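Trainee: If you use this note's numbering, the sequence shown corresponds to residues 463 to 667, in order.
Virtual Cβ for every residue (Gly too), placed ideally from N, Cα, C.
As the structure is a computational prediction, the values presented were derived from the model and not from experiment.
Structure in structure tokens, see below.
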Amino acid sequence: MKKRLIVLVIALVIIIAGLVMIFTKGFNLGDEYGKYTMVNIYMTDPSNIEDVRQIADEVIDGDFTVSYTDEFNDTASIKVKSITDEQVSSLKEKLKAKYSFEDVENNVIAINVPSANLYDLVKVYIAPIIIALALSLIYFVIAFRKLGIVKALFTPIITVVGIVALYISIIAIFRIAITEYLIPIGILLFILTLLGNAIYLKSQK
């Protein structure tokens with residue numbers, strides 16, 4: 463009983479710390495979902511991507527990626543998390559000199575892309591998760607009714623909410639970058655928690 467209380471206290475502290483981090487600093491959206499600048503370079507002919515990468519390396523201090531936007535290799539795109547107006551101007555001048563653009567403003571266009579909305583990333587999963595949780599709880603109440611409403615209903619709810627809250631809190635506290643894999647991992651954790659509750663209740667029965 464004492465060990466269980468210690469575990470609950472630690473879990474509660476982690477969840478509170480996670481909530482503080484979420485409300486003060488938010489989540490770390492990383493490079494995949496965080497805000498960034500996309501510099502599109504529209505060529506008149508197919509180009510060598512290495513030439514564009516070399517020019518970008520001369521101007522941009524931080525990390526960046528360079529890629530083609532289509533199969534014709536006549537449009538290159540530079541994706542960078544942070545770039546100043548002076549660096550964009552310098553980039554345009556060097557590209558103009560390299561490719562003899564007549565109107566560099568039309569050939570080199572910088573687009574500021576805002577951070578992704580986390581709700582938009584998870585909203586498609588909300589309804590299935592609620593339905594799965596509701597059906598599981600109905601099954602628990604019917605199948606394990608002899609154990610009482612507390613064990614059959616409230617214990618699974620607290621366990622599921624607690625485990626998911628811990629997972630989210632750890633992501634927030636350690637500033638783990640949000641990627642396309644974190645949401646499926648969270649869903650897998652949710653499913654495993656439901657299965658764990660079912661196994662526990664069955665053993666108690």
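1. Hey, which unbroken runs of the alpha helix (DSSP H) at 4 residues or more fall wholly within the region 589-631?
2. So does the region 514-531 actually touch the region 562-575, counting three or more Cβ pairs closer than 8 Å?
3. Apply the 10 Å Cβ neighbour rule to Tyr495 and answer buried if 16 or more other Cβ atoms are within range, or exposed otherwise.
4. When you compare each of Tyr581, Phe636, Thr617 to Ser598 by their alpha carbons, which one comes out closest?
5. Report the three-state DSSP secondary structure of Lys558 (helix, strand or coil).
6. Note down, in chain order, each residue of its chain lying with its Cβ closer than 6 Å to the Cβ of Val550, except the 5 sequence neighbours on either side.
7. So for Ala578, helix, strand or coil by DSSP?
8. According to DSSP, simplified to helix, strand and coil, what is Ala538?
9. Val528 bridges to which residues according to DSSP?
10. Apply the 10 Å Cβ neighbour rule to Asn659 and answer buried if 16 or more other Cβ atoms are within range, or exposed otherwise.
11. Express the C-alpha separation of Ile545 and Leu522 in angstroms, rounding to a whole number.
12. Would you mind reading off the limits of the alpha helix (DSSP H) that contains Met483?
13. From what residue to what residue does the alpha helix (DSSP H) around Tyr643 run?
14. Quick one: is Ile653 buried, meaning 16 or more other Cβ sit within 10 Å of its Cβ, or exposed?
15. On the criterion of 16 or more Cβ atoms from any shown chain inside 10 Å, does Gln592 qualify as buried, or is it exposed?
16. In whole angstroms, what separates the C-alpha of Tyr587 from that of Phe489?
17. Tell me whether Tyr581 is buried or exposed, calling it buried when 16 or more other Cβ atoms sit within 10 Å of its Cβ.
18. Taking 6 Å as the cut-off, is the CB of Ser509 close to at least one heavy atom of the ligand COA?
Mentor: According to the data block:
1. Unbroken alpha helix (DSSP H) runs of no fewer than 4 residues, entirely contained in the region 589-631, are not found.
2. Between the region 514-531 and the region 562-575, the count of C-beta pairs closer than 8 Å stays below three; the two stretches do not touch.
3. Classified as buried, Tyr495 has 16 or more neighbouring CB atoms from the shown chains inside 10 Å of its CB.
4. Sorting Tyr581, Phe636, Thr617 by C-alpha distance to the C-alpha of Ser598 places Thr617 at the top.
5. Lys558: helix per DSSP, three-state reduction.
6. If we look at Val550 and ignore the five residues flanking it on each side, its Cβ neighbours are Ala572.
7. DSSP places Ala578 in the coil class of the three-state scheme, outside both helix and strand.
8. Annotated three-state conformation of Ala538 is strand, per DSSP.
9. The partner list for Val528 (beta bridge, DSSP) reads Ile540.
10. Buried is the label assigned to Asn659, since at least 16 other Cβ atoms lie within 10 Å of its Cβ.
11. Here residue 522 is Ile; the residue named in the question, Leu, does not match the sequence. So the alpha carbons of these two residues sit roughly 7 Å apart.
12. DSSP places Met483 in the uninterrupted alpha helix (DSSP H) bounded by 464-486.
13. Premise fails: Tyr643 is in no alpha helix (DSSP H) and is neither H nor E.
14. When all chains shown are included, Ile653 counts as exposed.
15. For the record, residue 592 in the displayed sequence is Ile; it is not Gln. With fewer than 16 other beta carbons inside 10 angstroms of its own, Ile592 counts as exposed.
16. Taking the straight line joining both Cα atoms gives about 19 Å.
17. Counting the other CB atoms within 10 Å of its CB gives Tyr581 a total below 16, which places it among the exposed residues.
18. The model on display carries no ligand, and the ligand COA is accordingly not part of it.
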